[in-house]
Structures are given as structure tokens and as C-alpha cells.
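Numbering (this note's numbering), first residue to last: 27 to 203. Virtual Cβ for every residue (Gly too), placed ideally from N, Cα, C.
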């Protein structure tokens, strides 16, 4: 499914190139468009505040699916909670997540989407100091995905710390569909 070893199954993305009728010369334009939109923070929900240790803690979620869908939303809770995301194409998904093991810092999530698909993911910390998480998963129709969440997600995307162009090339290509 992904070229990287899966250490996580969170809520949304993996890598595969489905170019269809696109030429390779259009990919850089799409990449610049999506990164500019993401770097301004305009795609993220505004009222989300991380509050460590509290059940109402909220962090942003960014996910990309192999089919090009971009999902953004929120994850709420501490050690367990709910998630809610919406795609750039209008599909919404909601579900729950939990930390399986606080010593090894990994967990699972499951969700259902408005288009009839469901998904599961595993996740782990990419930056434990900031409680920032990445994960891989798969939808019920076999579509793989990768997702990130954490209190500093907006900054990590803006500074390209997440390397979105490497891990989610279909996210960028999907933006021009």
C-alpha cells in the first residue's frame, strides 16, 4: 500500500500516482497552489485549541487520500476522543480515536464517511514533545491514506516540516481535479 513501513493506522492517506490525463508538467503548479492554500491556514477550522490533559482538547487534522481527496478537521479529547473531517469535495467523516499504549505512543482510530465508506488507521507520534501525530490507514474500498494531527500542525505544514510534497503527492495532484 505505502512505500513506507506502516507504524500507524490513523484516519486518512498513502502514496500512489494516478495521473489519468494529467501531464507531468502540471504537478508543480498544483503543488504550489495547495501549499500556498495550506500555508495560509485558510483550509483549517479556526476554533480549535489544544488543552493537554483535558477531554475538550482540540487539535487540527490534515489528511490526504490516494484518490486525491484533501481532508481537514479536528480531533478532540485526551488519550481518547472524537474526530471529524471534511474533504475538499464535500465528503465528511467522523469517528473516534484512542491511545493504545502511552509507553510506545501509538493508537488507533476508526471512522465512517458520508459517501458510505469507513476507515481505520494506526498512528504514532512524529513529535512527542508537542503531541503531534501521523498515521496511515485504509478505507473500506481499499483507498489508502495518510494523516497528521497536533497542536502545531498549522506551523509544521507552513514550515514544510511534514514534507507534504513527499508523503502526499496525490494530495497535490488531486487539487487540480
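| Item | Value |
| --- | --- |
| Coarse secondary structure for residue 128, derived from DSSP in three states | coil |
| Residue 76 - DSSP class collapsed to helix/strand/coil | coil |
| Status (buried if at least 16 other CB within 10 Å, exposed otherwise) for residue 52 | With a pLDDT of 25 at residue 52, under the threshold of 50, the modelled position of that residue is not reliable, and the figure given next carries that caveat. Residue 52 is exposed by the Cβ-count criterion. |
| Reduced DSSP category for residue 9 - H, G, I as helix; E, B as strand; rest coil | For residue 9 there is no data in the structure shown, the boundaries of the chain being 27 and 203. |
| C-alpha distance - residue 120 paired with residue 101, whole-angstrom precision | 10 Å |
| Exposed unless 16 or more other CB atoms sit within 10 angstroms - verdict on residue 128 | exposed |
| 8 Å contact criterion, which residue 86 and residue 175 should meet: CB distance rounded | 6 Å |
| Whether residue 150 touches residue 132 by CB criterion (8 Å) | yes |
| Per-residue burial, residue 167 [other beta carbons within 10 Å of its own, 16 or more giving buried] | exposed |
| Straight-line gap, residue 184 to residue 82 (C-alpha atoms, nearest Å) | 25 Å |
| Option nearest residue 137 by Cα separation, candidates 126, 153, 155 and 107 | 107 |
| Supposed close pair residue 112, residue 95 - CB separation, criterion 8 Å | At roughly 10 Å, the Cβ-Cβ gap does not stay under 8 Å, so residue 112 and residue 95 are not in contact. |
| Where residue 156 falls: helix, strand or coil (DSSP) | helix |
| 8 Å Cβ cutoff met for residue 156 and residue 92 | no |
| Burial state of residue 171, where buried means 16 or more other Cβ atoms lie within 10 Å | buried |
| Euclidean distance between Cα positions of residue 35 and residue 80 | Low local confidence applies: a pLDDT of 29 at residue 35 is under 50, so the model's placement there is unreliable, and no value is given. |
| Inter-residue spacing [alpha-carbon to alpha-carbon] between residue 152 and residue 160 | 6 Å |
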